[in-house]
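Asks: Our numbering numbers the first residue of the sequence shown as 21 and each following residue consecutively.
Where a beta carbon is used, it is the ideal one built from N, C-alpha and C, also for glycine.
Everything numeric in this text was worked out from a predicted model, so none of it was measured.
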Amino acid sequence: MNLSLGLDLFPLTAAILVSVGCGLLGNFLVLRRLSLMGDAISHSVLPGIVIAFLLFTTRSAGVLLLGAAIAGVVTVVLVEVVRQVGRVESSAAIGVVFTVLFALGVLLIEQAAVRHADLDADCLLYGQLETLLWYGAPDDLSGLFSASTLSAIPPQIYLLCITVTIVFLGVGFLYKELRIAAFDPLLSTSLGFHATALHYLLMIMVAAMTVASFEAVGSILVIALLVCPAATARLLTDRLSVQLLLSVVIAFFCGIGGYLGATVVPGLWGKDSVNAAGAIATVAGGLLAIGLLVAPRYGSLARWLRHRRNTSAIAIDDLLTTLYRVAESGGDRCSFEDLKAGWSGPKLHQVIASASRRGMIAVEGGPLSLTPNGRQRAEELIRRHRLWEHYLVDEASIPADHVHDTAEVLEHIEAIDPADEIGTPNRDPHGKPIPPKHEEG
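(1) Which residues mark the beginning and the end of the alpha helix (DSSP H) in which W363 is found?
(2) Do the segment 222-234 and the segment 55-66 touch if we need at least three Cβ pairs shorter than 8 Å?
(3) Three-state secondary structure (DSSP) at I436?
(4) On the DSSP bridge list, what partners appear for A382?
(5) May I have the straight-line CA-CA distance separating F118 from R103, to the nearest angstrom?
(6) List, from N- to C-terminal side, the alpha helix (DSSP H) runs of 4 residues or more that fit wholly inside the segment 241-284.
(7) I want to know whether the segment 80-88 touches the segment 205-212 - three or more CB-CB distances under 8 Å.
(8) From L280 to T331, what does the alpha carbon distance come to, in whole angstroms?
(9) Rounded to whole angstroms, what is the Cα-Cα separation between L98 and A113?
(10) Rounded to whole angstroms, what is the Cα-Cα separation between V284 and G275?
(11) Would you kindly work out how many angstroms separate the C-alpha atoms of T33 and Q148, rounded to a whole number?
(12) Under the three-state reduction of DSSP, which class applies to R377: helix, strand or coil?
(13) Can you give the Cα-Cα distance for A420 and H410, rounded to whole angstroms?
(14) Is the CB-CB distance between A296 and G319 below 8 Å?
(15) Do S62 and V242 have their beta-carbon atoms positioned less than 8 Å apart in this structure?
(16) Consult DSSP for L419 and reduce its assignment to one of helix, strand or coil.
(17) Could you tell me the alpha carbon to alpha carbon distance between A315 and G298, rounded to whole angstroms?
(18) Could you check what DSSP says for P449 in three-state terms: helix, strand or coil?
(19) Does the beta-carbon of T95 have 16 or more other beta-carbons within 10 angstroms, so that it is buried, or is it exposed?
(20) Assign D258 to buried or exposed, taking buried as 16 or more other Cβ atoms, counted over all protein chains shown, within 10 Å of its Cβ.
(21) So, under 8 Å CB-CB, A375 and I336 are touching, yes? Tell me the CB distance rounded to an integer number of Å.
(22) From L407 to H369, what does the alpha carbon distance come to, in whole angstroms?
(23) Compute the Euclidean distance between the alpha carbons of A333 and L359, then round it to the nearest angstrom.
(24) Residues bridged to C354 by DSSP?
(25) Tell me which residue opens and which closes the alpha helix (DSSP H) that S208 is part of.
(26) To the nearest angstrom, how far is it from the Cα of P249 to the Cα of G41?
(27) Could you tell me the distance, in whole angstroms, from the CA atom of I182 to the CA atom of G125?
(28) Taking 6 Å as the limit between beta carbons, can you name the residues of its chain near V38, skipping five residues before and five after?
(29) Please return the same chain residues whose Cβ sits closer than 7 Å to the Cβ of F48, not counting the five positions on each side in sequence.
(30) According to DSSP, simplified to helix, strand and coil, what is Q396?
(31) Residues in its own chain within less than 6 Å of L51 by CB, not counting five upstream and five downstream?
(32) Tell whether a beta-carbon distance below 8 Å holds between T252 and L189.
Below you can see the structure in the form of structure tokens.
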């Protein structure tokens, strides 16, 4: 299936504009745990549409969009009022407000029906990309910028261009203020950037972007694009500036990839095209799923690999401390059978092999013993273990016979040295000597 200038240019343009605009604003919603705000606005604009129709008795897109935009702003204000007055979480406030406003919209639609008015919000506001046709499209690029062809451009494209430009300019000029307010509203206010005003300004931009997008692409796509690109970018970086850039790139790819996937790919198998908005939302959700799986720090695969490495390292540490205690009690070497009797961690053969490869233990001749490197590591662990026991007994007033298991966990934490709190005692609560700290270098 070949792309056509008149059939595909503006649906593709609208898809890209909606994707990058929603993708950019979605970062601040995700950071502030307000991802449901787009869903709330999509439901709560209904009474605004109906009221605008009842007041002006016209189905003009401009009038209905104005009513929807006002309803979106009212939604934002009501959510904040419910959150502060009711002292509830933002998600709970959003759920209360948008269900009430949506119900009100349904009742008002019934009132419009009583007046024998044909009012269908799905037709008036929740548009589809495929309907953005360019009836005056030129046959070639030479007539692209003539007055007659430009006048035939769908008005939704102009509205999206203006709204996206305002969104990018607003985020660009207020980046520092929005960044501080997103992470620490109290700090923002103390620095002279009123956090509440910034919140309302951000929500107004979200409402404007949401309403402007609804007429062109529909509500489901807008909701997906407010969340998925930003959430995917958040998985990939901890720097907000990089996250904003990544979210726009991801959203841009979602818009193009989803639209081409809906119009071109089915034709390769002789099938008709599928719904473009649904395809774009599917691409956005697929990228988020991939990010959840393979993100370098927060992905499931990365967490699994870290857990596996940590489990292996802790098992080796436990093996070293066991051999140290055997040597401390007078035994030079320890047999595999002696270790296996009290071993509860990962497979002992694998742990011994890993420790041997790292040069921590010697396995020649059958019984196991610590190498110099292994003994140094074991002494560090035993030192922290016994210092933690001392700390728990002296500072937390825990009986000496109750501290071993807790110290067994804390001994693996290298970032905290209990000696900073309790000094350097020579013996633990059980009377066993505490090894000295090894000097680095």
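Replies: If we stick to the structure as given:
(1) One-based indexing of the sequence shown puts residue 363 at position 343. Element bounds for W363: n/a, residue is neither H nor E.
(2) yes
(3) Locating residue 436 in the sequence shown gives position 416, counting from the first residue. DSSP places I436 in coil when its eight states are reduced to three.
(4) To locate residue 382, count along the sequence shown from 1; it is residue 362. In the DSSP output, where bridge partners are listed per residue, A382 has S389.
(5) Position 98 of the sequence shown, counted from the first residue, corresponds to residue 118. Position 83 of the sequence shown, counted from the first residue, corresponds to residue 103. Distance between the alpha carbons of F118 and R103: 13 Å.
(6) 260-283
(7) no
(8) Translated into positions along the sequence shown, residue 280 becomes position 260. Translated into positions along the sequence shown, residue 331 becomes position 311. Those two C-alpha atoms are separated by around 45 Å.
(9) Working through the sequence shown from its first residue, we reach residue 98 at position 78. Working through the sequence shown from its first residue, we reach residue 113 at position 93. The straight-line gap from Cα to Cα measures roughly 8 Å.
(10) Looking up residue 284 in the sequence shown gives position 264. Looking up residue 275 in the sequence shown gives position 255. Computed Cα separation, rounded: 14 Å.
(11) In the sequence shown, the residue the question calls residue 33 occupies position 13. In the sequence shown, the residue the question calls residue 148 occupies position 128. In a straight line, the C-alpha of T33 is about 13 Å away from that of Q148.
(12) Working through the sequence shown from its first residue, we reach residue 377 at position 357. Helix.
(13) Your numbering for residue 420 matches position 400 in the sequence shown. Your numbering for residue 410 matches position 390 in the sequence shown. The straight-line gap from Cα to Cα measures roughly 8 Å.
(14) For the purposes of this step, residue 296 is taken as the residue at position 276 of the sequence shown. For the purposes of this step, residue 319 is taken as the residue at position 299 of the sequence shown. Their beta carbons are not under 8 Å apart, which means A296 does not touch G319 by this criterion.
(15) Taking the first residue of the sequence shown as position 1, residue 242 is located at position 222. Taking the first residue of the sequence shown as position 1, residue 62 is located at position 42. Contact: yes.
(16) Taking the sequence shown and counting its residues from 1, the one referred to as residue 419 is at position 399. In the sequence on display, residue 419 carries Pro and not Leu. Three-state DSSP puts P419 in coil, outside helix and strand.
(17) Counted from its first residue, the sequence shown places residue 315 at position 295. Counted from its first residue, the sequence shown places residue 298 at position 278. Going from the Cα of A315 to the Cα of G298 covers about 25 Å.
(18) In the sequence shown, the residue the question calls residue 449 occupies position 429. In this structure, P449 counts as coil in the three-state DSSP scheme.
(19) Here residue 95 is taken as the residue at index 75 of the sequence shown, counted from 1. With 16 or more other Cβ atoms within 10 Å, it is buried.
(20) Translated into the one-based positions of the sequence shown, residue 258 becomes position 238. By the neighbour-count rule (16 or more Cβ atoms within 10 Å), D258 is not buried but exposed.
(21) Looking up residue 375 in the sequence shown gives position 355. Looking up residue 336 in the sequence shown gives position 316. At roughly 5 Å, the Cβ-Cβ gap stays under 8 Å, so A375 and I336 are in contact.
(22) The residue labelled residue 407 in the question sits at position 387 within the sequence shown. The residue labelled residue 369 in the question sits at position 349 within the sequence shown. When rounded, the distance between both Cα atoms is 31 Å.
(23) Here residue 333 is taken as the residue at index 313 of the sequence shown, counted from 1. Here residue 359 is taken as the residue at index 339 of the sequence shown, counted from 1. Going from the Cα of A333 to the Cα of L359 covers about 17 Å.
(24) As a working note, residue 354 is residue 334 in the sequence shown. According to DSSP, which records beta bridges pairwise, C354 is partnered with L388.
(25) Against the sequence shown, residue 208 aligns to sequence position 188. First-last of the alpha helix (DSSP H) with S208: 205-210.
(26) Looking up residue 249 in the sequence shown gives position 229. Looking up residue 41 in the sequence shown gives position 21. Cα to Cα, the separation comes out at about 11 Å.
(27) Your numbering for residue 182 matches position 162 in the sequence shown. Your numbering for residue 125 matches position 105 in the sequence shown. Straight-line Cα distance between these residues: approximately 28 Å.
(28) Residue numbering aside, residue 38 sits at position 18 when the sequence shown is read from its first letter. Correct list, in chain order: S233, V237.
(29) Here residue 48 corresponds to residue number 28 of the sequence shown, with the count starting at 1. The answer, listed in chain order, is L198, A202, L222.
(30) On the sequence shown, residue 396 is found 376 positions in, with the first residue counted as 1. Here Q396 sits in helix by DSSP.
(31) Taking the sequence shown and counting its residues from 1, the one referred to as residue 51 is at position 31. Taken in chain order, the residues that qualify are A202.
(32) Position 232 of the sequence shown, counted from the first residue, corresponds to residue 252. Position 169 of the sequence shown, counted from the first residue, corresponds to residue 189. Not in contact: T252 and L189 (Cβ atoms no closer than 8 Å).
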